[in-house]
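Residue numbering for the sequence shown follows our numbering, beginning at 1 and increasing consecutively. A short worksheet on the structure shown next.
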Amino acid sequence: MALPVVAIVGRANVGKSTLFNRLVGRRVSIVEDTPGVTRDRIYGKSEWNGVPFRVIDTGGIEMDEEDEMGNLIRVQAQIAIDEADVILFVVDGRQGVTQADEHVAQVLRRAHKPVVLGVNKLDHVEQHALSYEFYRLGFGEPIPFSAEHGQGTGDLLDAVVAALPKASEEDEDEDAIRIAFIGRPNVGKSSLVNRLLGEERVMVSPVAGTTRDAVDTPLERDGQTYMLVDTAGMRRKGKVYERIEKYSVLRALRALDRADVAFVVLDAQTGIVEQDKRVAGYALDAGCAIAFVVNKWDAIEKDDKTAHRFEEKIRDEFPFLRFAPVIFVSALTGQRVSRLLDVAKEIAEYHAMRVPTSTLNRVLADAQVSVSPPSKGGRRLRIYYGTQVSVKPPTFVIFVNDTELSHFSYERYLENQLREAFGFRGTPIRIVLRARD
Ligand code: GDP
Ligand code: GDP
Numbered sequence: 001m002a003l004p005v006v007a008i009v010g011r012a013n014v015g016k017s018t019l020f021n022r023l024v025g026r027r028v029s030i031v032e033d034t035p036g037v038t039r040d041r042i043y044g045k046s047e048w049n050g051v052p053f054r055v056i057d058t059g060g061i062e063m064d065e066e067d068e069m070g071n072l073i074r075v076q077a078q079i080a081i082d083e084a085d086v087i088l089f090v091v092d093g094r095q096g097v098t099q100a101d102e103h104v105a106q107v108l109r110r111a112h113k114p115v116v117l118g119v120n121k122l123d124h125v126e127q128h129a130l131s132y133e134f135y136r137l138g139f140g141e142p143i144p145f146s147a148e149h150g151q152g153t154g155d156l157l158d159a160v161v162a163a164l165p166k167a168s169e170e171d172e173d174e175d176a177i178r179i180a181f182i183g184r185p186n187v188g189k190s191s192l193v194n195r196l197l198g199e200e201r202v203m204v205s206p207v208a209g210t211t212r213d214a215v216d217t218p219l220e221r222d223g224q225t226y227m228l229v230d231t232a233g234m235r236r237k238g239k240v241y242e243r244i245e246k247y248s249v250l251r252a253l254r255a256l257d258r259a260d261v262a263f264v265v266l267d268a269q270t271g272i273v274e275q276d277k278r279v280a281g282y283a284l285d286a287g288c289a290i291a292f293v294v295n296k297w298d299a300i301e302k303d304d305k306t307a308h309r310f311e312e313k314i315r316d317e318f319p320f321l322r323f324a325p326v327i328f329v330s331a332l333t334g335q336r337v338s339r340l341l342d343v344a345k346e347i348a349e350y351h352a353m354r355v356p357t358s359t360l361n362r363v364l365a366d367a368q369v370s371v372s373p374p375s376k377g378g379r380r381l382r383i384y385y386g387t388q389v390s391v392k393p394p395t396f397v398i399f400v401n402d403t404e405l406s407h408f409s410y411e412r413y414l415e416n417q418l419r420e421a422f423g424f425r426g427t428p429i430r431i432v433l434r435a436r437d
């Protein structure tokens with residue numbers, strides 16, 4: 001589901017990251033718990049009064065060396081304008097209005113997006129009067145707060161949530177399989193999308209996505225609709241911030257939020273690099289169905305073992321994605337590109353699959369008989385019963401006598417048993433243990 005986005009903007013050292021961390025907290029994510037996966041903390045999920053939203057810390061967006069410092073604020077503000085539904089403009093109340101604040105304000109005024117002005121570092125109520133001077137920035141009532149101590153952040157969030165667009169304004173086609181092509185720059189994402197659009201019948205004209213310039217393109221084959229998510233983002237080359245790695249990450253994260261299927265595109269020519277792992281980690285964290293698409297297959301020397309070896313390499317480098325199928329394609333020649341939709345359809349079905357509770361419990365019972373659950377201090381883990389609580393991805397709650405008795409390796413064993421029984425090709429599955437006596 002697409003969540004509204006709040007971007008935190010402001011010059012350096014006003015407390016953007018401090019506020020970001022307060023809003024996003026230390027959310028436990030499966031990616032952070034997965035060895036070998038790194039994650040940039042510039043994009044997180046938050047909630048206030050039951051309203052969920054995404055938060056971007058634009059301060060975390062770094063520029064390439066070639067860009068001058070002077071551009072930094074402008075670029076960050078521009079990204080916020082492009083990506084956000086509401087802009088949270090942060091200033092330092094103890095320093096008063098600075099030239100850099102004026103500079104940010106100038107850019108934001110042209111945005112025609114709601115701006116909430118937060119005056120930070122006013123840790124004590126007696127200091128609140130210091131916020132008045134910020135009226136002159138022209139964004140209405142400045143809200144005094146303290147990112148470090150939490151003071152006033154409630155008022156700030158009330159203002160932010162009030163400015164958010166009302167939920168579910170867009171009317172999404174429930175039956176469409178939504179596909180995002182993700183990967184580092186130059187692996188061939190745009191080429192693949194263009195090739196696919198050239199080969200398949202495009203149903204209707206592209207539709208506006210959630211961000212102002214996101215465009216999703218629908219395709220149809222054999223009565224199934226596919227939606228290519230954020231096709232515009234792929235074509236928007238050459239803008240100043242396209243070169244910023246974290247910006248493309250942001251773009252990918254937004255696309256993943258709205259996708260069922262993530263095609264993680266790798267470049268056969270350059271092989272697998274560190275950044276590919278990060279990209280794949282995001283897809284896993286988003287809970288999408290995942291397939292690896294090895295592109296530029298035309299460009300390398302091959303014999304009958306090349307594909308097999310490449311796949312082995314993928315299994316070595318992405319141990320947390322063993323369930324993801326691998327497909328070798330060429331956007332240049334079109335080789336196997338039309339197969340992509342078949343793969344998307346298959347893994348999307350597993351992603352949305354519901355297993356009957358009775359079958360599930362038979363599998364769990366058999367699993368316990370084959371390999372006894374672990375024990376600690378003379379007590380053994382006992383599994384009472386399990387139930388599937390949601391889809392996309394399939395999520396199971398398993399009731400046990402005591403979760404402390406469980407062990408990571410046993411949960412992985414259970415996952416493998418579920419995969420053996422039900423397939424679940426291409427989809428992550430989640431298992432949550434819960435105590436019940
Ligand atoms: P950013 O560059 O805008 O992301 O700013 P940071 O979040 O890194 O904060 C810059 C400095 O301001 C750090 O030393 C923070 O500890 C400090 N700071 C942030 N918020 C507050 C606050 O509410 N009160 C006080 N006194 N200091 C703060
Ligand atoms: P993106 O940044 O991931 O969207 O990558 P592009 O689609 O812009 O492609 C980057 C470069 O790789 C371009 O020069 C493409 O012509 C080239 N390229 C893309 N797909 C293929 C392919 O299948 N084979 C070969 N040989 N080159 C490709």
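All C-beta atoms, glycine included, are put in the ideal place defined by N, C-alpha and C.
Inset, instruction - Compare the C-alpha of L88 against each of V104, R94, S375 and V97 and name the closest. - result: V104
Legend entry - When R309, V400, V75 and T357 are compared against L418, the one with the closest alpha-carbon: T357
Inset, instruction - With hydrogens ignored, establish whether the beta-carbon of D298 is closer than 7 Å to any heavy atom of ligand 2. - result: yes
Legend entry - Run of the alpha helix (DSSP H) containing D155, from where it starts to where it stops: T153 to A163
Inset, instruction - Inspect the beta-carbon positions of V326 and V294 and report whether they are closer than 8 Å. - result: yes
Inset, instruction - With a 10 Å radius around its C-beta and 16 neighbouring C-beta atoms as the bar for buried, classify R379 as buried or exposed. - result: exposed
Inset, instruction - Could you tell me which residues DSSP puts in a beta bridge with F181? - result: F263
Legend entry - Inter-stretch contact (C-beta, 8 Å, three-pair minimum) for the stretch 362-375 and the stretch 282-294: no
Inset, instruction - Please find out if some non-hydrogen atom of ligand 2 comes closer than 7 Å to the beta-carbon of A331. - result: yes
Inset, instruction - Taking all protein chains shown into account, decide if D267 is buried (16 or more other Cβ within 10 angstroms of its Cβ) or exposed. - result: buried
Inset, instruction - Following the continuous beta strand (DSSP E) through F20, name the residue where it begins and the one where it ends. - result: No beta strand (DSSP E) contains F20, which is instead part of the alpha helix (DSSP H) from K16 to V24.
Inset, instruction - Classify A344 as helix, strand or coil using the three-state DSSP reduction. - result: helix
Legend entry - Separation of I177 from A262, as counted between CA atoms: 11 Å
Inset, instruction - Can you check DSSP and say which residues form a bridge with W297? - result: According to DSSP, which records beta bridges pairwise, W297 is partnered with nothing at all.
Inset, instruction - Spatial neighbours of V229 within its chain, please: CB distance less than 6 Å, with the 5 preceding and 5 following residues excluded, ordered by chain position. - result: R178, A180, D216, A255, R258 and A259
Inset, instruction - With DSSP collapsed to three states, give me the class of K277. - result: helix
Legend entry - Distance, E349 Cα to R212 Cα: For R212, the predicted structure reports a pLDDT of 42, less than 50, and the residue's modelled location is therefore unreliable. The matter cannot be settled from this model.
Inset, instruction - May I ask whether a heavy atom of ligand 4 can be found less than 7 Å away from the beta carbon of D123? - result: Looking for ligand 4 in the displayed structure turns up nothing; the ligands present are ligand 1 and ligand 2.
Legend entry - Any non-hydrogen atom of ligand 1 within 7 Å of T427 CB: no
Inset, instruction - Specify, as a first and last residue, the run of the beta strand (DSSP E) that Y43 falls within. - result: Y43 to W48
Inset, instruction - Pick helix, strand or coil for D216, following the three-state DSSP scheme. - result: strand
Inset, instruction - Mind the definition here: the stretch 403-411 touches the stretch 380-387 only if three or more C-beta pairs lie below 8 Å; say whether that holds. - result: yes
Legend entry - Boundaries of the beta strand (DSSP E) in which L433 is found, first to last residue: R430 to A435
Inset, instruction - Name the two residues that bound the continuous alpha helix (DSSP H) containing T357. - result: T357 to S370
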